[in-house]
Amino acid sequence: MLEALNPQPQDKILQLIALFRDDPRQAKIDLGVGVYKDATGLTPVMRAVKAAEKKLWETETTKTYTALAGEPAYNAAMVQMILGSGYADRAASVATPGGTGAIRQALELIRMASPAAKVWMSNPTWPNHPSIVKYLGMPSAEYRYFDSASGGVDFAGLMADLDGVAAGDAVLLHGCCHNPTGANLDLAQWAQVLDLLAARGAIPFVDLAYQGFGDGLEEDAAATRMVAARFPEVLIAASCSKNFGVYRERTGILIALTSPDRKAVVQGNLNYLNRQNYSFPPDHGARLVTMILEDAALTADWKAELEDVRLNMLSLRQQLADELRRATNSDRFDFVARHRGMFSRLGLTEAQVATLREVHGIYMVGDSRINIAGLNAKTVPILAAAIAQVLA
Ligand SMILES: Cc1ncc(COP(=O)(O)O)c(C=O)c1O
């Protein structure tokens, strides 16, 4: 039976990681992989996570199963962090293995409820979005998103494409810190998009993987909150991988907003999907997140460290934009300072990206997405000089 299987296409980012690992040059720079790194290149365990783990080790008395939807305290704390108060009667939710698990469950929920519904995704988007949609055999469509000339959002293109959304289609929107481009809608543009989606009868599906990495924990939730307040039905897939630094613990949540009288049925369907796919969701990361969010001192320390992470990325952005201005003698890359989150798409060609890798030992994804957190004060000028050289 197994000989009937065909090789799967390699994941481009995983391929890049392998190439980087095998590169013997000392001065190589990894801007490919999507994890936060501090100035020493480490992806640290956050202080509050360490403290919660210690406390958990001391106090945990059983590892028996939790609830199918995850611990209610985790779900409540996450709904509060993402949406604020006032959603208890509308929010069905399940804990999931990371943000990816939440995206997968959301798509399966859409397919179960409405098999003909199209899933609209930005072009470009995180490659795993279209990959999972395709795997599930769901109809899909793209909307324009990025203007490579300006490094900003192609808002006219986006609105023109979303004009074609049909009633009941699901529109996947990055809640903040768009991956891979780094370009984001402002709140006035969000309002226009939501007017259009409401007029078309679409279902907003928000992927929130970087809350706290852009303009701040509250600020990064503002668009998602606008969606939640406006639409009767909303799907939100959120990840704790980045903002709590618990990547490998697989900690995420799917929130489905519905009407109070439909909540129990929607919740039952979310539980059912968890049961079919992996039964009980992972608990360790979710428990740490709950302990942090329920303890004022741990929350304060976590927020302070998250803010340091955010400000570090912002200052690297500013430094890179300044260095690129000097090195290229142009304002072409000023958008890097305006982008938010961990990534920026630089707008280089595949050939230029290959030259940066082969000649300069600088690794970025083929579409010229860089991980800002892969830089530090010393490597920013090296990157700027190398980019100026490949452009010359
Ligand atoms: C846009 C986006 N959504 C979701 C995720 C899911 O993250 P995880 O499954 O690691 O929590 C990521 C991670 O890279 C992402 O970039």
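Our numbering runs 57 ahead of the 1-based position in the sequence shown. Note that the Cβ used here is the ideal one computed from N, Cα and C, for glycine as well. Because the structure is a prediction, the values reported are computed rather than measured.
(message) Looking at ligand 1, does it come within less than 7 Å of Y93, judged from the CB to the closest heavy atom?
(response) no
(request) Using only the heavy atoms of ligand 1, determine whether one of them is closer than 7 Å to the beta carbon of G221. (result) no
(message) Looking at V250: is its Cβ nearer than 8 Å to the Cβ of L244?
(response) no
(request) Check each candidate in G208, W177 and G155 and name the one with the smallest Cα separation from L265. (result) G155
(request) For P196, I'd like the list of residues in its chain whose CB is within less than 8 Å of its CB, leaving aside the five on either flank, ordered along the chain. (result) A173, A174, K175 and V176
(message) According to DSSP, I14 sits in a beta bridge with which residue or residues?
(response) One cannot answer for residue 14 here, as it falls past the ends of the chain, which runs 58 to 449.
(message) Just verifying my parser: in three-state terms, what is the DSSP assignment at E275?
(response) coil
(request) Could you pull the start and end residues of the beta strand (DSSP E) that F288 belongs to? (result) Looking at the DSSP string, F288 is not in any beta strand (DSSP E), and its letter there is neither H nor E.
(message) With a threshold of 7 Å (Cβ to nearest heavy atom), would G127 be considered close to ligand 1?
(response) no
(message) I need the DSSP call for W467, collapsed to helix, strand or coil.
(response) With the chain covering 58 to 449 only, the question about residue 467 has no answer from this structure.
(request) Give me the Cβ distance between V228 and L193, rounded to the nearest whole Å; I'm assuming they're in contact under 8 Å. (result) About 17 Å separates the two Cβ atoms, so there is no contact after all.
(request) Report yes if the CB atom of G302 is closer than 8 Å to the CB atom of P101, and no otherwise. (result) yes
(request) Provide the residue(s) that pair with P261 in DSSP beta bridges, ordered along the chain. (result) V228
(request) Note down the Cα distance separating R332 from T153, rounded to an integer number of angstroms. (result) 11 Å
(request) Would you check if the distance between the CB atom of A105 and the CB atom of L274 is smaller than 8 Å? (result) no
(request) Could you have a look at N428 and say whether DSSP puts it in helix, strand or coil? (result) strand
(request) Give the straight-line distance between the Cα atoms of T97 and K69, rounded to the nearest whole angstrom. (result) 25 Å
(message) By the three-class DSSP mapping on this structure, what secondary structure does R307 have?
(response) coil
(request) For the beta strand (DSSP E) containing R201, list its first residue and its last residue. (result) S197 to R201
(request) Below 6 Å CB to CB, which residues in the same chain sit around A384 once its five sequence neighbours on both sides are set aside? (result) A441, A442 and A445
(request) Pull up the CB-CB distance for T347 and E110, whole angstroms please, since I reckon it's below 8 Å. (result) Not really, about 13 Å apart at Cβ, beyond 8 Å.
(message) Do L405 and S425 have their beta-carbon atoms positioned less than 8 Å apart in this structure?
(response) yes
(message) List, from N- to C-terminal side, the beta strand (DSSP E) runs of 3 residues or more that fit wholly inside the region 396-446.
(response) 400-402 and 426-428
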